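Protein sequences appear in the order of chains A and B. In terms of this note's numbering, the first sequence has 415 at position 50, counting the first letter as 1, and numbering is strictly consecutive. In terms of this note's numbering, the second sequence has 156 at position 135, counting the first letter as 1, and numbering is strictly consecutive. See structure below.
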Amino acid sequence: MKKVLVIEDNRDNLRLITYSLEHAGYGVICAVTGEDGVEMAIKERPFFIVMDINLPGIDGLEAIRQIRASGADGTIPIIAITSYAMSGDRDRIFAAGCSAYFEKPIDPLTIVERIHEVIGIQGR
Amino acid sequence: MFQLNYFRWPEKTLSARSSMKLGKKILLIVISVLFVSLSISSAVLVVNFKKSYTEALLTGSYGLGQSLNSIVTELLSLGLPLESFTGMDSKCAQLLKNNPHITYAGIADISGRILYNGDSSLVGKVMTDKVMKTSIASLKPITQLYRRFDGLDYYDVTIPIIDAANVHLGMIRLGFRTTVVNDKVFTALLQVIINFSISFIVIAVLLNYFISRFVTRPVISISEHAKEIAGGDYDVNLAVTTGDELGNLADSINRLSCEVKRNTCDLEAANSELKLKLIEREAADLELTRYREHLEELVEERTAELHQRSAELLESQQALMNIVEDLNEKSADLQEANSRLQEVDRLKSMFIASMSHELRTPLNSIIGFSSILHDGWIGPINAEQKENLAIILRCGKHLLNLINDVIDVSKVEAGRIESVAEEFDLQGLVDEAVSLVRKEADGKGIFLRVENVHLQMRTDRRRLLQCVLNLLSNALKYTESGGVTVTSRLVPGAGEMLDTMELCVTDTGIGIREENLPRMFEPFVRLASPLQSTVPGTGLGLYLTRKLTVDVLKGDITMTSEYSRGSCFTIKVPVRLP
Chain A
366 MKKVLVIEDN RDNLRLITYS LEHAGYGVIC AVTGEDGVEM AIKERPFFIV
416 MDINLPGIDG LEAIRQIRAS GADGTIPIIA ITSYAMSGDR DRIFAAGCSA
466 YFEKPIDPLT IVERIHEVIG IQGR
Chain B
22 MFQLNYFRWP EKTLSARSSM KLGKKILLIV ISVLFVSLSI SSAVLVVNFK
72 KSYTEALLTG SYGLGQSLNS IVTELLSLGL PLESFTGMDS KCAQLLKNNP
122 HITYAGIADI SGRILYNGDS SLVGKVMTDK VMKTSIASLK PITQLYRRFD
172 GLDYYDVTIP IIDAANVHLG MIRLGFRTTV VNDKVFTALL QVIINFSISF
222 IVIAVLLNYF ISRFVTRPVI SISEHAKEIA GGDYDVNLAV TTGDELGNLA
272 DSINRLSCEV KRNTCDLEAA NSELKLKLIE REAADLELTR YREHLEELVE
322 ERTAELHQRS AELLESQQAL MNIVEDLNEK SADLQEANSR LQEVDRLKSM
372 FIASMSHELR TPLNSIIGFS SILHDGWIGP INAEQKENLA IILRCGKHLL
422 NLINDVIDVS KVEAGRIESV AEEFDLQGLV DEAVSLVRKE ADGKGIFLRV
472 ENVHLQMRTD RRRLLQCVLN LLSNALKYTE SGGVTVTSRL VPGAGEMLDT
522 MELCVTDTGI GIREENLPRM FEPFVRLASP LQSTVPGTGL GLYLTRKLTV
572 DVLKGDITMT SEYSRGSCFT IKVPVRLP
């Protein structure tokens, strides 16, 4: 079972995304702050990371930068989840080292399919 | 009123100068000049006569003296002493006898003693008077004025006697009375006066005649005739034929007379004409006076009216000024209200924007969890549960759309949506939009067709997608049979116009009545229709689409529709966002 990391401070959202990923057969590990997320990403080396950009402590962009800078694994796909109003930050998000970004709301029925599209995995 | 006073002769002008007749004046002047000139010339004549007569007498006396002297010189050359001549006294006496105007003649030696004399009683006397002294001193013949011992005045001639040895021995003296000259001069003067008087009288008489003949009489004649002309008798003809200036004057007066006669006739005619005109004019004056009085009344009336109007205007102006003042106040109030409203509007937009996150986060959870429950991820559910979960899901999605639309509208209205341009293919955008509504079309059993719409664009893809999606879902909502077609074309820009992309979404739905067309793009408008109760909608979709097309994509949206036949919405936006 492949491990994936979800970094999300909203517990409801975290739970929903976790349902989706587990439904697709992934083992989900979670973090609710940017600092924890960075630490877990380096330590656990997940298959991919889904993270909210709006986080307490260091924000998502800073977390992505730290993960990329750690050198642990620069190729881990990172999918950012942004709030609806942050569409203008697209360039900044990609510049930080993000692989793709999805806007809220998240449709739990299709999100995994969309992640697979981005990271190049055909349906499983 | 009219006086012909320029015809009056100024009579007093001439008589005021002098009462003397012209002839007498000329005579007086001529005689005066004649008298003065004759008197001066006579006086000069007499003086000259006296001078030359005296000189002639003196010359004669010198001659006599010299003749005596030649005798004396001859006797001296014979060796005889001066004092011993014989017969000299008789010689002197003879000289006096031959020349009666000579009073005395004698010879004296150098001491002044008389040696010989015509009057023998004087011989031997020594003369010591001043004249004798001068005579003794002179070596040349001289003339002196001499008051003799007898108390009478004489012209004295002295001739010095000088011998061959050039010794001054004495002198010959002879003299004549000054009265001799004066008597002669008086006689001459008397003659001159007589001649002068005679010629004077003759000249005066002649002059008087000629002046009278050639000046006075013609002038009097002209004067008389002029008086007659002045008196009104223009038929007089002057007969002065002297041929000189007076003749010319007479001719001129004759011509003047004729001219005056003619002019007088003309003037009389003119005068009578003038009198006629005068009468006419007086009548006209009278008329004018009457008219003027009327006019004055009229003017007074009008002036009063004008004053009234002016007062009214002033009142109106005051009222207007009050209104303007009022308006200014109101305007200021309005400006203040406006700025307050703008502030309120900004606060509203801010409120809505910040609310969006708070509203959507729980809504996302409602939708997300109900959808996984509905799909049986958590565990099996029965049909009734599934139906209820579907209602929750549908209402949640509708609420989310509503919130999203409201937020977008408020953002657009607040001018807070900034366009983000990116390169993309229109085909991909349309395919994405179609894929999102494909399920709905398939569910209703209607077709959803996309014609080839490949076009490379650079604009705000996200907002264009939103617009296309809105039009598509609108079209699907109101179409029960037939289907929806998406077409597009490129309209090349002309001149400064940009290339434009036109995208049409055509449906075969219920259409829109013509009277409702203008309201289509207004917010919260949902037309009454059989489908209204079953078709979900916020009433903001078309309004937002138009806002996005115009304000963000810098384009335009139009629509055509036929009731119960279908509608066509067309978005026109620049291919490349300026």
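Backbone N, C-alpha and C define an ideal beta-carbon position, used for all residues, glycine too. Bear in mind the structure is a predicted one, so any value in this text is a computation, not a measurement.
Legend entry - Cβ-Cβ distance between Met109 (chain B) and Tyr83 (chain B) below 9 Å: Taking the second sequence and counting its residues from 1, one reaches residue 109 (chain B) at position 88. Taking the second sequence and counting its residues from 1, one reaches residue 83 (chain B) at position 62. No, Cβ-Cβ distance for Met109 (chain B) and Tyr83 (chain B) is not below 9 Å.
Inset, instruction - Assign Phe231 (chain B) to one of two classes, buried (16 or more other C-beta atoms within 10 Å of its C-beta) or exposed (fewer than that). - result: Here residue 231 (chain B) refers to the residue found at position 210 of the second sequence. When all chains shown are included, Phe231 (chain B) counts as exposed.
Inset, instruction - For Ile373 (chain B), go through chain A and note every residue whose CB falls closer than 8 Å to its CB, in chain order. - result: In the second sequence, residue 373 (chain B) corresponds to position 352, counting from 1. In chain order: nothing, as chain A lies at least about 11 Å away.
Legend entry - Where Ile402 (chain B) meets chain A, residues with beta-carbon distance less than 7 Å: Along the second sequence, one-based indexing puts residue 402 (chain B) at 381. Within chain A, no residue comes near Ile402 (chain B); the closest Cβ sits about 15 Å away, beyond 7 Å.
Legend entry - Distance CB(Gly392 (chain A))-CB(Lys367 (chain A)) smaller than 9 Å: The sequence position of residue 392 (chain A) within the first sequence is 27, counting from 1. The sequence position of residue 367 (chain A) within the first sequence is 2, counting from 1. Their beta carbons are under 9 Å apart, which means Gly392 (chain A) touches Lys367 (chain A) by this criterion.
Legend entry - From B:Val455, B:Thr480, B:His475, B:Leu335, residue whose alpha carbon lies closest to that of Leu469 (chain B): Position 448 of the second sequence, counting from 1, holds the residue named residue 469 (chain B). With distances taken between Cα atoms, Leu469 (chain B) lies closest to B:Val455.
Inset, instruction - Name the two residues that bound the continuous beta strand (DSSP E) containing Ile193 (chain B). - result: For the purposes of this step, residue 193 (chain B) is taken as the residue at position 172 of the second sequence. Its beta strand (DSSP E) spans residues 189-198.
Inset, instruction - Say whether chain B places a C-beta atom closer than 9 Å to the C-beta of His481 (chain A). - result: Stepping through the first sequence from its first residue, residue 481 (chain A) is reached at position 116. No, because no Cβ of chain B sits closer than 9 Å to the Cβ of His481 (chain A).
Inset, instruction - Spell out the partners DSSP gives Asp417 (chain A) in its beta bridges. - result: Here residue 417 (chain A) is taken as the residue at index 52 of the first sequence, counted from 1. Per DSSP, A:Ile446.
Legend entry - Contact set between the stretch 413-424 of chain B and chain A, restricted to residues whose Cβ is under 8 Å from the partner: Leu421
Inset, instruction - Please list the partners that Phe390 (chain B) has in chain A, where partner means a Cβ-to-Cβ separation under 9 Å. - result: In the second sequence, the residue the question calls residue 390 (chain B) occupies position 369. Chain A residues near Phe390 (chain B): Asp377, Arg380, Leu381, Tyr384, Pro473.
Inset, instruction - Please list, in chain order, all residues of the same chain as Leu319 (chain B) whose beta carbon is under 6 Å from its beta carbon, the five residues on each side excluded. - result: Against the second sequence, residue 319 (chain B) aligns to sequence position 298. No residues qualify anywhere along the chain.
Legend entry - Three-state secondary structure assigned by DSSP to Pro470 (chain A): Taking the first residue of the first sequence as 1, we reach residue 470 (chain A) at position 105. DSSP places Pro470 (chain A) in coil when its eight states are reduced to three.
Inset, instruction - Look at the alpha carbon of Asp424 (chain A) and the alpha carbon of Gly516 (chain B), and state the distance between them as a whole number of angstroms. - result: Here residue 424 (chain A) is taken as the residue at index 59 of the first sequence, counted from 1. Here residue 516 (chain B) is taken as the residue at index 495 of the second sequence, counted from 1. One C-alpha to the other measures close to 50 Å.
Inset, instruction - Return helix, strand or coil for Glu543 (chain B), following the three-state DSSP convention. - result: To locate residue 543 (chain B), count along the second sequence from 1; it is residue 522. Looking at Glu543 (chain B) - three-state DSSP - the assignment turns out to be coil, as it is neither helix nor strand.
Inset, instruction - Compare the C-beta of Asn385 (chain B) with all C-beta atoms of chain A and state if any pair is closer than 9 Å. - result: Locating residue 385 (chain B) in the second sequence gives position 364, counting from the first residue. True, the Cβ-Cβ gap to chain A drops below 9 Å.
Legend entry - Local conformation of Asn654 (chain B) per DSSP, three classes: A query on residue 654 (chain B) cannot be resolved here, the shown segment of chain B reaching from 22 to 599 and no further.
Legend entry - Three-state secondary structure (DSSP) of Asn138 (chain B): By one-based count along the second sequence, residue 138 (chain B) stands at place 117. If DSSP states are grouped into helix, strand and coil, Asn138 (chain B) belongs with the strands.
Inset, instruction - Compile a chain-ordered list of the residues in the stretch 398-427 of chain A whose CB is closer than 8 Å to at least one CB of chain B. - result: none
Inset, instruction - Helix, strand or coil for Met109 (chain B), going by three-state DSSP, please let me know. - result: Translated into positions along the second sequence, residue 109 (chain B) becomes position 88. Helix at Met109 (chain B).
Inset, instruction - Go ahead and pull the three-state DSSP assignment for Gly172 (chain B). - result: Taking the first residue of the second sequence as position 1, residue 172 (chain B) is located at position 151. Coil.
Inset, instruction - List the endpoints of the continuous alpha helix (DSSP H) containing Val571 (chain B). - result: Looking up residue 571 (chain B) in the second sequence gives position 550. Counting along the chain, Val571 (chain B) falls outside any alpha helix (DSSP H), and DSSP gives it neither H nor E.
Inset, instruction - Would you mind sorting Asn403 (chain B) into buried or exposed? The rule is 16 or more other CB atoms within 10 Å of its CB. - result: Numbered from its first residue, the second sequence carries residue 403 (chain B) at position 382. Classification of Asn403 (chain B): exposed, given that the 10 Å Cβ count is below 16.
Legend entry - Per-residue burial, Gly253 (chain B) [other beta carbons within 10 Å of its own, 16 or more giving buried]: Taking the second sequence and counting its residues from 1, one reaches residue 253 (chain B) at position 232. Exposed is the call here.
Inset, instruction - Could you check if Asn491 (chain B) is buried or exposed, using at least 16 other CB atoms within 10 Å of its CB as the buried criterion? - result: The sequence position of residue 491 (chain B) within the second sequence is 470, counting from 1. Buried: at least 16 other Cβ atoms inside 10 Å.
Inset, instruction - Determine the chain A residues that contact Ile531 (chain B) at a beta-carbon separation under 8 Å, and present them in chain order. - result: Within the second sequence, numbered from 1, the residue matching residue 531 (chain B) stands at position 510. Ordered by position in chain A, no residue passes the 8 Å Cβ test against Ile531 (chain B), which lies about 31 Å from the chain.
Inset, instruction - Could you tell me if Leu227 (chain B) is buried or exposed, where buried requires 16 or more neighbouring beta carbons within 10 angstroms of its beta carbon? - result: Along the second sequence, read from residue 1 onward, the residue named residue 227 (chain B) stands at position 206. Exposed is the call here.
Inset, instruction - Name the one or two DSSP bridge partners that Arg1 (chain B) has. - result: Because chain B here runs from 22 to 599, residue 1 (chain B) falls outside it and cannot be looked at.
Inset, instruction - Assign Asp429 (chain B) to one of two classes, buried (16 or more other C-beta atoms within 10 Å of its C-beta) or exposed (fewer than that). - result: Taking the first residue of the second sequence as position 1, residue 429 (chain B) is located at position 408. Asp429 (chain B) is buried by the Cβ-count criterion.
Legend entry - chain B residues whose Cβ lies nearer than 8 Å to that of Arg470 (chain A): Translated into the one-based positions of the first sequence, residue 470 (chain A) becomes position 105. Per the sequence shown, residue 470 (chain A) should be read as Pro rather than Arg. Residues of chain B passing the Cβ test: Arg381, Leu384, Asn385, Ile388, Gly389, Leu421.
Inset, instruction - Could you name the residues of the stretch 335-353 of chain B whose beta carbon sits closer than 9 Å to any beta carbon of chain A, in the order they occur along the chain? - result: none
Inset, instruction - Indicate whether at least one CB of chain A lies closer than 9 Å to the CB of Asp452 (chain B). - result: Taking the first residue of the second sequence as 1, we reach residue 452 (chain B) at position 431. Output row for Asp452 (chain B): interface = no.
Inset, instruction - Enumerate in chain order the residues of its own chain whose CB-to-CB distance from Val397 (chain A) is below 6 Å, with the five nearest sequence positions on each side excluded. - result: Against the first sequence, residue 397 (chain A) aligns to sequence position 32. The residues are Asp374.
Inset, instruction - Look up Ala260 (chain B) in the DSSP assignment and say whether it is helix, strand or coil. - result: Taking the first residue of the second sequence as position 1, residue 260 (chain B) is located at position 239. Coil.
Inset, instruction - Give the straight-line distance between the Cα atoms of Arg376 (chain A) and Arg540 (chain B), rounded to the nearest whole angstrom. - result: Start at 1 with the first residue of the first sequence, and residue 376 (chain A) comes out as number 11. Start at 1 with the first residue of the second sequence, and residue 540 (chain B) comes out as number 519. Roughly 45 Å separates the two Cα atoms.
Inset, instruction - Please report how far the alpha carbon of Ile443 (chain A) lies from the alpha carbon of Arg567 (chain B), in whole angstroms. - result: The residue you call residue 443 (chain A) lines up with position 78 of the first sequence. The residue you call residue 567 (chain B) lines up with position 546 of the second sequence. Their Cα atoms are separated by approximately 37 Å.
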